[in-house]
Structure formats: structure tokens, C-alpha cells
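2 protein chains.
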Amino acid sequence: MPSYTAPTKDLQFVLHDVLKTSESSIPGYSDLDRDFTAAVLEEAGKITSEVLAPLNVVGDKEGCTLENGVVRVPTGFKEAFDQVREGGWTGLDMPEEFGGQNMPYVLGTAVGEMFSASNQAFTMYQGLTHGAASAILAHGTQEQKETYLPNMVSCEWTGTMNLTEPHCGTDLGMMRTKAEPQDDGSYKVSGQKIFISAGEHEMSDNIIHLVLAKIPGGPEGIKGVSLFIVPKFIVNDDGTVGARNGVSCGAIEEKMGIHGNSTCVMNYDEATGYLLGDMHKGMRAMFTMMNEARIGVGMQGLSAADAAYQNAVIYANDRLQGRAVTGAENPEGPADPLIVHPDIRRSLMDQKSFIEAARAFILWSSQLIDQAHRAEDADADGLISLMTPVVKGFLTDEGYDMTVKAQQIFGGHGYIEEHGMSQFTRDARIAMIYEGANGVQALDLVGRKLAQDGGKHVMAFFALVKDFCSENKDVEGMEDFVEPLKVASKHLQTAGMFFMQNGMKDPNAALSGSNDFMHMMGHVCLGLMWGRMAKASLEALANGTSDAAFHETKLATGRYYMARRLPATAMHLARIETGAETVMALAADQF
Amino acid sequence: MPSYTAPTKDLQFVLHDVLKTSESSIPGYSDLDRDFTAAVLEEAGKITSEVLAPLNVVGDKEGCTLENGVVRVPTGFKEAFDQVREGGWTGLDMPEEFGGQNMPYVLGTAVGEMFSASNQAFTMYQGLTHGAASAILAHGTQEQKETYLPNMVSCEWTGTMNLTEPHCGTDLGMMRTKAEPQDDGSYKVSGQKIFISAGEHEMSDNIIHLVLAKIPGGPEGIKGVSLFIVPKFIVNDDGTVGARNGVSCGAIEEKMGIHGNSTCVMNYDEATGYLLGDMHKGMRAMFTMMNEARIGVGMQGLSAADAAYQNAVIYANDRLQGRAVTGAENPEGPADPLIVHPDIRRSLMDQKSFIEAARAFILWSSQLIDQAHRAEDADADGLISLMTPVVKGFLTDEGYDMTVKAQQIFGGHGYIEEHGMSQFTRDARIAMIYEGANGVQALDLVGRKLAQDGGKHVMAFFALVKDFCSENKDVEGMEDFVEPLKVASKHLQTAGMFFMQNGMKDPNAALSGSNDFMHMMGHVCLGLMWGRMAKASLEALANGTSDAAFHETKLATGRYYMARRLPATAMHLARIETGAETVMALAADQF
């Protein structure tokens with residue numbers, strides 16, 4: 006069975022040595038000193054590695070079952086959910102007035118990485134609840150907040166997001182679910198939603214569904230979509246759980262992975278719903294949480310990669326197979342461990358250098374969210390809005406590839422289910438799809454975000470990279486980082502220029518390169534993270550740190566990324582510069 | 006449910022327009038005229054698309070079960086196997102004296118692609134039999150051939166290959182299975198083998214296991230390994246099936262995919278075995294079939310990619326979602342089909358341009374095998390030996406990625422099992438692992454094949470590419486192909502030079518780049534294939550072909566590959582040229 010060790014030391018390094026959270030002026034950050042975050046992360050590490058990780062394989066094997074409308078979750082999930090609730094893990098970054106702990110989002114993200122890594126399917130139950138609660142927090146009336154939030158923050162009630170219908174996912178303007186207004190101000194919601202994660206189960210006393218639907222007579226398409234609160238059980242005036250509402254689970258999907266999460270077909274049959282936010286502004290209400298939701302999914306790419314990598318390292322050290330080409334390293338044994346072989350190293354270094362930079366990238370992004378929300382910094386808001394599709398698309402594409410690499414190290418033992426390596430890839434696969442498939446992320450980045458506010462945010466990003474390079478170009482030890490980052494950043498700017506020059510007369514010329522641009526920008530972001538981490542490690546070493554080995558390892562890992570992974574930007578640029586011609590050459594019937 | 010259309014037209018194009026099989030002097034090739042191969046391919050297309058493809062999902066869902074030592078295969082498999090046998094598909098390229106049809110290997114490969122694409126798990130039953138029969142054909146005594154081959158060629162008896170043990174896969178020198186010599190010249194084989202595909206089932210009257218084992222007292226390690234024939238039922242002197250032998254299936258593995266094939270733990274308990282080939286030369290006996298077996302697995306990468314791609318194209322044309330950025334293309338409908346979107350095109354073109362070139366590459370490789378064996382051409386033998394790890398490693402890595410891309414086009418519908426897209430990726434995943442994991446292929450290529458016979462074969466390959474470029478540099482229409490191929494080939498040569506200059510003093514410097522070199526060479530091979538296909542299509546168009554659309558599509562697809570995929574060689578070269586320094590920087594405990 007796979008194991009999971011919480012990466013608390015590395016999280017601490019990013020929070021304190023790189024992001025220097027407790028020195029930040031963002032409201033709430035002064036509380037985030039080393040001792041405090043260490044205590045939180047150690048506790049989170051404990052519950053995730055000891056309670057959630059052992060249930061990961063159980064969830065995969067047993068899956069969820071639907072019998073007579075009741076969904077059974079895998080053995081042990083309910084008890085674990087109780088422990089998570091009792092530990093207060095569900096409302097870490099939620100307001101105190103609703104029972105949360107009002108911690109910055111960055112700490113919630115650090116904790117969230119461990120939850121996702123140890124058990125992605127399980128963590129989705131609380132993740133979806135967090136998303137739904139955030140929507141109510143942002144758009145609900147005071148009464149709605151008081152009615153739903155205390156129980157959602159504690160996860161006594163869980164939440165869901167209902168967007169997709171059988172015939173539409175990305176293009177929600179075509180949705181058919183209807184909400185008929187009633188005299189009492191409520192609505193009757195009818196229709197079918199699919200792919201609803203955590204849609205039905207018995208781990209909580211109530212399930213608060215957020216449902217997108219159209220009010221008859223409203224505007225056509227996406228502009229006529231509104232958001233509704235549709236509880237599984239109507240909440241009585243005294244706050245207790247009342248009558249069953251007209252919503253039920255019609256089926257559970259059989260899927261490639263995340264078997265421990267109940268992915269439901271939800272049928273709404275004149276279910277009572279309450280408008281959340283403004284009429285016909287449902288998409289906007291959904292989108293206000295989108296940055297956070299998408300960063301949460303990007304995090305799953307990192308989480309899956311780390312969980313898989315940790316087990317690959319153990320296997321590569323244990324499994325004896327072949328001899329080092331430079332001479333036996335385990336001469337007493339029948340063979341050397343796999344880790345002596347250069348190609349195994351190459352794979353492990355790919356994984357390690359991705360994971361550590363992705364961790365920094367996610368935490369930096371979370372810090373930007375805090376800066377945007379807590380410090381009301383519009384520039385930070387613009388920057389994170391630009392980077393969100395990169396976090397989501399690049400980290401889940403790469404994260405998935407890393408799970409495949411980790412699985413490959415096990416050879417045939419990675420293909421059978423016994424070692425759990427197959428599950429990491431099967432679970433990680435969904436992150437490339439949900440919360441906007443990665444093609445949609447790339448479209449969002451190139452088709453919308455680049456030009457947003459007159460291109461201000463992408464210019465700010467380029468300036469940020471440039472400033473980092475200028476500041477550090479003469480710092481000893483930084484040459485392995487600054488030069489490659491400069492080159493990669495130049496590639497990215499050249500691609501941006503290409504889009505500007507060609508995208509106006511032919512939008513396809515830009516969009517044909519959207520996937521490459523997203524990956525390119527992802528590499529530049531991780532390159533920047535490696536630059537910042539290298540700087541922090543060089544400083545720690547110069548200051549006579551007691552943990553020189555950690556920082557030496559960090560620098561060596563970073564050098565690998567800069568030398569071996571970052572040069573991918575040249576390839577992406579070459580592809581982008583070919584424009585749309587070869588991409589769009591065929592008629593639909595020529596495929 | 007996914008569908009499968011046999012690519013007979015494209016196979017015909019490669020066989021006749023590109024490879025010009027019937028004009029070849031290779032013995033047997035003169036029979037391969039257009040009408041003959043068309044008849045064979047059409048028939049194979051029929052049974053694969055109509056009989057095997059519909060069973061693919063069934064096999065995945067039901068899997069194989071072990072009850073009281075008996076393995077049950079999925080519903081319909083036995084009847085389909087009967088049809089395959091009756092159709093004479095199992096001995097296409099086997100000698101007539103044992104009931105085969107003595108067709109060239111290239112035709113067997115063309116047929117094999119369709120079998121694998123329609124149902125990989127099913128096709129493995131006959132594929133393993135073919136491999137075992139080839140070993141007996143190459144190394145068996147006349148008596149052994151007469152005893153086993155007629156029934157194996159017809160698949161009345163099936164075969165298996167038993168190499169892996171729990172503690173060793175790649176490093177077979179450590180194996181523990183023993184073969185004790187008996188007075189009558191036979192052996193008693195005892196030990197456990199794992200991951201034995203088609204190890205036990207009731208679709209055939211007997212199963213002929215080929216088992217690697219050590220004869221006590223022989224040389225240490227890999228040099229003391231011998232190969233044995235161990236039939237499930239002892240064959241009586243009159244050729245009938247006799248007593249049950251001491252071999253049994255201990256368990257069936259739960260695995261990520263190919264559920265329809267029974268992957269068995271096989272226990273040998275003083276089972277009667279017969280030495281096949283020379284004592285202690287078991288590895289050599291296995292390796293003589295390795296080229297063919299590995300090309301067969303490379304073909305699975307192509308097959309899976311094509312099966313997945315075909316369904317992605319159908320979905321992309323059917324699914325209405327969003328509007329073309331250049332204006333509605335389906336203004337009457339609620340949305341445009343997915344295929345209007347540039348990023349969907351990019352993905353489909355990646356797939357299509359890979360599949361068609363991979364098909365040509367596999368068939369060209371098969372032609373080289375025929376040239377080596379049928380025409381006893383040592384140069385062809387050297388060239389295919391060089392390219393085998395590329396066929397296996399590159400095509401299965403890429404093939405897998407293509408199934409992931411095809412799945413991605415389905416969005417959430419690709420993640421649920423309903424559409425069968427998840428199965429294509431789960432099945433394709435094994436091809437990167439078995440018959441030598443792809444890291445071993447890269448090691449074989451860089452650590453052994455490049456320098457083989459003084460580097461003669463790689464020089465021959467470079468010369469072949471160079472000659473093609475020289476011959477076609479002034480041919481109108483070829484400029485989009487010749488220039489990029491020249492650049493990519495130059496990258497490959499530069500990488501080869503780097504290995505030569507650095508590998509001697511530090512083998513790790515070469516092996517750290519082995520995976521990149523394998524991929525680079527794969528791209529150059531596919532680039533060469535696109536060059537040859539473009540040439541053929543330009544000629545067809547110049548000759549006033551009646552199917553101009555086919556050839557125009559071919560050229561456009563090729564241009565995409567040259568413009569968008571081939572430039573990856575520069576990235577691989579950049580990585581290779583960083584040597585081993587960053588790859589090997591960490592100690593094992595620093596990971």
C-alpha cells in the first residue's frame with residue numbers, strides 16, 4: 006500500500022524563506038510565524054498521513070454505491086469525516102462569525118495540498134462544500150448566510166456545484182434546467198445535472214446544492230442563467246433540517262478514478278430553490294469563486310504528483326535491479342537499487358523539480374489571492390486572474406504526467422493495482438478536465454486574460470520576472486537561474502508579441518498556440534519560483550543555516566529544472582510562431 | 006460505445022504508394038499486389054470492426070476471473086477466438102509446413118494493427134502464441150516443431166512467455182526458477198513467474214508455456230538461464246493432449262487495463278519441461294524474437310492511438326459546444342461542433358499526424374525485418390536492430406499520450422467509462438512497460454545499439470536521411486518536408502556526437518540523455534516517414550490520381566507534423582547537451 010509523508014518542511018521553507026509570510030503587510034499574515042504554521046502543518050500532516058492516506062486505496066476499491074436512492078461511501082470515510090470536522094479543518098480560512106478560523110487563504114492552501122495528496126476523492130467532499138460556502142458568503146443575503154454557513158463551515162452540511170447538463174458543459178448558455186418563480190419568492194427548480202461531485206451521500210445531515218438554472222422569460226443563452234440554493238432537506242425557520250426537497254440522485258457514474266467520491270446524476274423535480282445573488286447573473290456569481298476553485302484544482306496536480314513521487318522514491322531505493330554503469334554501488338547485494346540508473350534519476354528529478362516549484366507557485370498564487378482580497382490590492386487581483394488558467398492548466402497537465410512517470414518506475418508493478426500507483430494516475434486525470442477543461446484554460450489565458458485591462462497584467466508579470474533577473478544577475482550562485490529565466494521569459498514575450506501582431510487579423514493564429522503558451526508561461530512561472538527559492542537557499546547557506554543539506558538539495562534540484570525543463574519554452578515558441586496555417590488546414594471531414 | 010473503422014485505405018497507401026511492396030525483390034513480396042492485400046485487409050477489417058471491437062468494452066468491464074484454478078474469460082471471447090481461428094488469422098506469416106500461410110511479416114503487421122486497435126486484450130492471446138511459436142520455430146528441434154507448431158499456428162493451443170519473477174523483471178539474472186535435469190532428458194521446473202499474459206484460460210485445448218529457468222550448477226547470473234517448453238497438458242507421443250502438468254495459475258492480477266487478458270501468477274511445481282535451444286543460452290533464444298515482439302508492442306501504441314482518435318473525431322464533429330472565434334459555422338444550431346475550435350484541431354492534428362507516420366514507420370520496420378530474414382540482408386538486420394527500441398519506446402510513449410489527448414476532447418464524458426475513452430488510455434499504458442520498460446529501450450538504444458558494429462547502423466540511418474533530403478531538395482512541394490527533416494537530423498547527429506565525446510569518460514553523460522535521444526530519433530523517423538509519404542502523395546497528384554482529396558489531406562497532415570511536432574528535437578538536444586551533471590547531482594537520500 007502506498008504511503009504518504011506530509012511535506013511540512015518544504016511548505017515551511019516556501020512560506021517563510023521564500024514568501025516570508027509573517028513579514029507581509031497583508032492583514033492576518035503577521036500571525037503566520039514559523040511556530041504557528043509549523044503547529045498547524047504538523048497537525049494537518051498527522052491526520053492526512055495517518056487517517057486519510059490509508060483510506061485512499063479503500064475508496065478506490067470500494068467506490069460509492071447507490072441503493073434505493075441512498076449513496077454509500079467507502080468504509081471508513083464517515084468516521085474520517087467526523088475526525089476532520091472535529092479537528093476544525095473544514096473552516097480554516099472561513100470567517101469567525103460563521104465558525105471558521107479566519108486564517109489566510111495561503112495557509113488553507115498549504116493544508117489543502119496535504120489533504121488532496123493523501124486522499125483526493127475524500128477531500129473533494131469538503132472541497133466542494135468550501136466552494137459552495139464561498140459562493141454563499143460572496144453573494145448570499147445575510148439571512149442566507151446565517152441559515153447555511155455555520156453548518157457548511159463545520160461541514161455538518163456539505164455542498165455541491167451543479168453546472169453541467171448532459172448536452173452542455175463548457176457552453177452553459179444551452180442549459181435547460183428551469184427555475185419557476187413562486188409567490189413566496191422561492192423557485193421551483195426542475196432539470197437534470199450531471200457529473201455532480203459529492204452529489205449525494207450520508208456523511209452529512211444536509212446537502213446544499215448550488216444549481217445554475219434559467220428563469221423562464223429571461224435573456225437567451227448565458228445571460229439568462231441564475232444561481233440557486235437548493236437544499237436536500239428544506240431548512241426550517243428555527244434552523245433545523247426539515248422536509249426532503251425534490252432533488253434526488255438518479256445514478257452514480259462509473260469512472261476512471263476518484264471512485265471514493267460520489268459523482269452523481271442529480272434530478273431536480275420542482276425542487277424548492279432560493280435565488281443566490283442577482284437574477285440572471287448566475288455565471289458572474291460562479292466566476293467570482295472561479296480563481297480559487299481553479300487554483301484548488303491546480304493544487305491537485307501538485308498533490309497527486311507528490312503522492313506518487315514519494316512512493317516512486319521509496320521503490321527506486323528498495324528495488325534491486327541491474328548494476329550502475331559506473332560500477333556496482335551495492336556490491337554485497339544481488340543488484341543495485343534502481344536509483345543508481347541515470348534514466349531513473351532523470352524521471353525522479355523531473356518529478357522532484359516540478360513538485361517543489363509547483364508548491365511555491367501555488368502558495369505564491371494563494372498569497373496573491375490574500376493580497377487581492379484581504380489587502381484589496383487590484384494589481385494582485387489582476388495578476389492572479391492572469392495566472393489562474395496557468396495554475397490550473399499547466400499544473401494539472403504536468404502533475405498528471407508526473408504520476409505517469411512515477412508509475413513507470415515501478416515497471417509491471419506500477420500497472421497492477423496492488424501498489425496504488427495506477428490510482429494516482431487515474432485520480433489525477435480528472436484534474437485536467439473539471440473546473441474547465443485545460444483547453445478552456447488555455448483559451449481563457451490567450452483569448453481573454455492576456456489582453457485584459459489593456460494587457461496591464463501580463464506586462465506586470467513580465468516586469469516582475471525582469472526585475473527579479475536584474476536584481477540577481479550579479480549575485481553569486483544565481484547565474485544558473487537568472488540566465489535561463491531571462492531566455493525563457495524572452496520566449497514568452499516573443500510569443501505574446503506574435504499573438505498581438507497576428508491575433509487581430511486572425512484570431513485562430515493566436516488560439517492555435519494557446520496550449521503552447523499556457524505551458525510556456527507555466528515553465529516561466531516555475532522558473533521564477535526556482536529563482537526565488539534558489540535565492541532563499543543561498544541566503545540561508547550564507548547565514549550559516551543548520552540545515553545546509555536541505556538547501557544544497559534545493560539548489561541542485563533547481564539547477565536541474567533550469568537546465569533540463571525550462572528549455573521547453575523554445576519548442577513552444579517555435580510551434581506558436583507557425584500560426585494557424587497547419588492547424589486549421591483540414592476541413593472537418595478530412596479528419 | 007466506441008466504434009472502430011479499419012484504416013485499410015491508409016494501410017494500402019503505405020504498402021503500395023510508399024513502400025511499393027510488390028515491386029520489392031524481397032522473397033514473397035511479389036505476391037503483395039494491391040488487389041491481394043486489399044482483399045486480406047478488407048477481411049481483417051471486417052472481423053476486427055464487427056466482431057472484436059464490440060467485445061473490447063465487454064472485456065474491460067467483465068475482466069477475467071479465477072475460480073478453483075479455472076480462468077474464465079469475458080463473455081464472447083471464446084466464440085470470437087473460434088472465428089479468428091476459422092478465418093486463418095493466427096498463422097498468416099507462419100510457414101506453410103506448420104499450417105501457416107507464409108505471408109511476409111509486413112502483411113502480418115498491417116493486419117495486426119487492426120486486431121490490436123479493435124481489442125488489445127483479446128489480441129494478446131494470439132499475439133503471445135505467435136511469439137512462443139516463433140521461438141520454437143527458431144530454436145526448437147524438428148520433433149519439437151512438429152509436436153507443437155501445427156496446433157500453435159492454428160491457435161488450437163495457445164502460448165505464453167514466462168520471464169518475470171516477483172523480485173526481478175528487467176534483471177533476469179537473479180531469477181530463482183529451477184529446472185532439474187531428469188534421466189529421460191526432460192527437466193522438472195519449479196518456481197513462480199508473475200505477470201504472465203494469457204497464462205491460463207479455457208479458450209484453447211492446451212497452453213504451451215515458454216519458461217526461463219536455471220539449471221542447477223550452471224553459470225551464475227544471466228549466463229545460466231535456459232529456456233524450456235512447459236505444456237499445461239503433456240503432449241502424448243501420438244500428438245494428443247495427455248496428463249495435466251505441474252503448472253497452475255495461482256492468482257489473476259488486478260490491473261489498470263487490458264482486463265480482458267488474464268494476467269496470471271503461474272506456479273511451477275516440478276512441472277515437466279523440455280529444453281528449447283541450447284543449455285544456458287535461454288536469453289539469446291528469447292532475444293532472437295525480441296525485435297519482432299518489441300515492434301509488435303510499438304504497434305500497440307499506434308493501434309491504441311488510432312482507436313481513440315477515431316472516436317475523438319466523431320465526438321468533435323457531433324458535440325455542439327461554443328462558437329467558432331471567427332464566426333458561427335453552424336448558425337442554425339444552438340452551437341458549433343467542437344471541431345471548429347483551434348485547440349481541438351491542434352489536439353486532433355497531433356493525433357492524426359502521429360498515427361499516420363507511426364503506421365508508415367511500423368510497416369517500414371516490418372519490411373526491414375522481412376528484408377533481414379527473407380532476403381538475409383545483414384544491413385537491414387542491423388538497421389532494424391537499431392530502430393527496434395525507437396519503435397517500441399517512442400511509439401508507446403507517444404501512443405499513450407495520444408489516447409490521453411483523445412480522451413481530453415470528450416471532457417467529463419471522457420473520464421466516465423461510458424464512452425470507452427478511459428479504457429483506451431488504461432489499456433495503452435501497459436505498452437510503455439511490457440517487453441522491456443521504455444527506460445530499458447532507451448538504454449538499449451544509447452548504451453548498446455548506437456555503438457553496435459562500430460556505429461555502422463546509426464551511420465547508415467543518417468546516410469539514409471541525408472540521401473532522402475538530397476534527392477528531394479529541389480522537388481517542388483517537398484520544401485516543407487526536406488528542410489525541417491534536415492534540421493532535425495542534424496540535431497540527432499549532434500546528440501550522437503555528444504555521446505561519443507562524453508560517454509567514454511562518463512557513461513552517465515550519455516545515459517542521462519537516453520530518453521531524450523530515443524524521442525528525438527523517433528521524431529526524425531516519423532519526419533522521414535512524412536517525407537516519404539509526401540513524396541508519394543505529390544507523385545500521385547502529379548499523375549492525376551482519382552483520389553486527390555486523400556493526398557491533399559496527407560500533405561496537409563504531414564506539414565503539420567513538420568511544423569509543429571518535429572521541432573521537439575531541438576529541446577531534446579538541449580537537454581542532452583547538459584550531460585549528467587544536474588541529473589546525477591543528488592545522493593540517493595536527497596530525493
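Residue numbers (the numbering used here), protein chains in the order written: chain A, 6 to 596; chain V, 6 to 596. In this text, a Cβ means the ideal position worked out from N, Cα and C, and glycines have one as well.
Checklist entry - Hey, Ile300 of chain A and Ser371 of chain A are a contact pair by Cβ (cut 8 Å); roughly how many whole angstroms apart? => result Position 295 of the first sequence, counting from 1, holds the residue named residue 300 of chain A. Position 366 of the first sequence, counting from 1, holds the residue named residue 371 of chain A. At roughly 7 Å, the Cβ-Cβ gap stays under 8 Å, so Ile300 of chain A and Ser371 of chain A are in contact.
| task | Residues of the region 254-266 of chain A with a CB closer than 7 Å to any CB of chain V: list them in chain order, please. | result | Glu258, Glu259, Lys260, Met261
inquiry  = Buried or exposed, going by whether 16 or more other CB atoms sit within 10 Å of the CB of Glu297 of chain V?
reply    = The residue labelled residue 297 of chain V in the question sits at position 292 within the second sequence. So Glu297 of chain V ends up on the buried side.
Alpha carbons only, please: which of A:Lys219, A:Ala363, A:Asp176 is nearest the one belonging to Tyr3 of chain A? Residue 3 of chain A is absent from the model: chain A starts at 6 and stops at 596.
What whole-angstrom Cβ distance do Gly404 of chain A and His264 of chain A have, given they're in contact under 8 Å?
By one-based count along the first sequence, residue 404 of chain A stands at place 399. By one-based count along the first sequence, residue 264 of chain A stands at place 259. That pair is no contact at about 19 Å.
Item to complete: Give me the Cα-Cα distance between Gln498 of chain A and Phe82 of chain A, rounded to the nearest whole angstrom.
Response: Taking the first residue of the first sequence as 1, we reach residue 498 of chain A at position 493. Taking the first residue of the first sequence as 1, we reach residue 82 of chain A at position 77. Each residue's alpha carbon lies about 48 Å from the other.
field: beta strand (DSSP E) runs contained entirely in the region 393-448 of chain V, provided each spans 3 or more residues
entry: none
(Q) Quick check: Ala593 of chain V and Pro347 of chain A, are their CB atoms within less than 8 Å of each other? (A) As a first step, residue 593 of chain V is located in the second sequence; it is residue number 588 there, counting from the start. As a first step, residue 347 of chain A is located in the first sequence; it is residue number 342 there, counting from the start. No, the pair does not count as a contact, with Cβ atoms beyond the cut-off.
Practice task
Would you mind sorting Gly387 of chain V into buried or exposed? The rule is 16 or more other CB atoms within 10 Å of its CB.
Solution key: Along the second sequence, read from residue 1 onward, the residue named residue 387 of chain V stands at position 382. The residue is buried, with at least 16 neighbouring Cβ atoms inside 10 Å.
Cys254 of chain A by DSSP, collapsed to three states: which one? Along the first sequence, one-based indexing puts residue 254 of chain A at 249. Strand.
- Query: Where does the unbroken beta strand (DSSP E) through Thr163 of chain A begin, and where does it stop?
  - Reply: Mapped onto the first sequence, residue 163 of chain A falls at position 158. It spans 162-167 - the beta strand (DSSP E) in which Thr163 of chain A sits, taken as one unbroken run.
Glu47 of chain V, enclosing alpha helix (DSSP H) - first and last residue: Numbered from its first residue, the second sequence carries residue 47 of chain V at position 42. From DSSP, the alpha helix (DSSP H) with Glu47 of chain V extends over 39-52.
Contacts that Val487 of chain A makes with chain V (C-beta to C-beta distance below 7 Å): The count along the first sequence starts at 1 and reaches residue 487 of chain A at position 482. Within chain V, no residue comes near Val487 of chain A; the closest Cβ sits about 16 Å away, beyond 7 Å.
Worksheet item: Along chain V, in chain order, which residues have C-beta atoms closer than 8 Å to that of Pro347 of chain A?
Response: Within the first sequence, residue 347 of chain A is the residue found at index 342, counting from 1. Under the 8 Å cutoff, chain V gives Asn513, Leu516, Ser517, Ser519, Ala585, Val588, Met589.
* Determine the chain V residues that contact Thr558 of chain A at a beta-carbon separation under 7 Å, and present them in chain order. => Position 553 of the first sequence, counted from the first residue, corresponds to residue 558 of chain A. The contacting residues are Leu591, Gln595.
(request) To the nearest angstrom, report how far apart Gly332 of chain A and Gly518 of chain V are at their CA atoms. (result) Within the first sequence, the letter at position 327 stands for residue 332 of chain A. Within the second sequence, the letter at position 513 stands for residue 518 of chain V. Whole-angstrom Cα-Cα distance: 19 Å.
Please go through the same chain and pick out, in chain order, the residues whose beta-carbon is closer than 6 Å to the beta-carbon of Phe120 of chain A, but skip the five residues on each side of it. One-based indexing of the first sequence puts residue 120 of chain A at position 115. Cβ within range, chain order: Thr53, Thr128.
Worksheet item: Roughly how many angstroms separate the alpha carbons of Lys471 of chain V and Ala363 of chain V, rounded to a whole number?
Response: Walking along the second sequence from the start, residue 471 of chain V turns up at place 466. Walking along the second sequence from the start, residue 363 of chain V turns up at place 358. Rounded to whole angstroms, Lys471 of chain V to Ala363 of chain V spans 20 Å at the Cα level.
Tell me whether the region 309-326 of chain V and the region 351-363 of chain V touch, counting them as touching only if at least three CB pairs, one residue from each stretch, are closer than 8 Å. yes
### Task
Measure the alpha-carbon distance for Leu232 of chain A versus Val76 of chain A and round it to whole angstroms.
In the first sequence, counting from the first residue as 1, residue 232 of chain A sits at position 227. In the first sequence, counting from the first residue as 1, residue 76 of chain A sits at position 71. Distance between the alpha carbons of Leu232 of chain A and Val76 of chain A: 25 Å.
**Report entry** Start-end ranges of the alpha helix (DSSP H) lying completely within the region 315-387 of chain A, minimum 4 residues
**Finding:** 347-378
Under the DSSP definition of a beta bridge, which residues are partnered with Ala184 of chain A? The sequence position of residue 184 of chain A within the first sequence is 179, counting from 1. Bridge partners of Ala184 of chain A: A:Val194.
| message | Considering only DSSP beta bridges, list what Thr70 of chain A is partnered with. | response | Numbered from 1 along the first sequence, position 65 holds the residue referred to as residue 70 of chain A. Beta-bridge pairing links Thr70 of chain A to A:Arg77.
Closest by C-alpha distance to Ala309 of chain A, when choosing among A:Gly282, A:Asp406, A:Ile257 = Counted from its first residue, the first sequence places residue 309 of chain A at position 304. The residue with the shortest Cα to Cα distance from Ala309 of chain A is A:Asp406.
Requested in this report: Tell me whether Lys219 of chain V sits in a helix, a strand or coil according to DSSP, three-state version.
Outcome: Locating residue 219 of chain V in the second sequence gives position 214, counting from the first residue. Of the three classes helix, strand and coil, the one that applies to Lys219 of chain V here is strand, per DSSP.
From the DSSP output, read off the bridge partner residues of Met271 of chain A. The residue labelled residue 271 of chain A in the question sits at position 266 within the first sequence. Met271 of chain A pairs with A:Lys198, A:Cys254.
With a threshold of 8 Å between beta-carbons, can Ile360 of chain A be considered close to chain V, or not? Residue 360 of chain A sits at position 355 when you count from the first residue of the first sequence. Judged by the 8 Å Cβ criterion, Ile360 of chain A is not in contact with chain V.
Is the region 526-537 of chain V touching the region 381-401 of chain V, taking contact as three or more C-beta pairs under 8 Å? yes
- Message: I want to see whether chain A comes within less than 8 Å of Val318 of chain V, judged by CB atoms only; does it?
- Response: The count along the second sequence starts at 1 and reaches residue 318 of chain V at position 313. With 8 Å as the cut-off, Val318 of chain V counts as an interface residue toward chain A.
Separation of Leu24 of chain A from Cys530 of chain V, as counted between CA atoms
The count along the second sequence starts at 1 and reaches residue 530 of chain V at position 525. The count along the first sequence starts at 1 and reaches residue 24 of chain A at position 19. Going from the Cα of Cys530 of chain V to the Cα of Leu24 of chain A covers about 47 Å.
query: With respect to the alpha helix (DSSP H) encompassing Ile141 of chain V, which residues constitute its N-terminal and C-terminal limits?
result: Counting from 1 along the second sequence, the entry for residue 141 of chain V is found at position 136. First-last of the alpha helix (DSSP H) with Ile141 of chain V: 125-144.
Go through its chain and collect everything with a Cβ distance to Arg570 of chain A's Cβ below 8 Å, but skip five positions before and after it. Residue 570 of chain A sits at position 565 when you count from the first residue of the first sequence. Only Asp355, Ser358, Phe359, His528, Leu531 meet the Cβ criterion.
query = When the Cα of Gly563 of chain A is compared with those of A:Thr169, A:Pro79, A:Asp485, A:Leu37, which residue comes out closest?
reply = Along the first sequence, one-based indexing puts residue 563 of chain A at 558. Taking only the C-alpha atoms, the option nearest Gly563 of chain A is A:Asp485.
| field | Pro12 of chain V in three-state terms, based on DSSP | value | Taking the second sequence and counting its residues from 1, one reaches residue 12 of chain V at position 7. In the structure shown, Pro12 of chain V sits in coil (DSSP, three-state: anything other than H, G, I, E or B).
Discussion item. Tell me the rounded alpha-carbon separation between Leu516 of chain V and Ala329 of chain A.
Written reply: Translated into the one-based positions of the second sequence, residue 516 of chain V becomes position 511. Translated into the one-based positions of the first sequence, residue 329 of chain A becomes position 324. One C-alpha to the other measures close to 11 Å.
Exercise. Residues of chain A with CB under 7 Å from Ile239 of chain V, in chain order?
Worked result: If you number the second sequence from 1, residue 239 of chain V lands on position 234. Within chain A, no residue comes near Ile239 of chain V; the closest Cβ sits about 30 Å away, beyond 7 Å.
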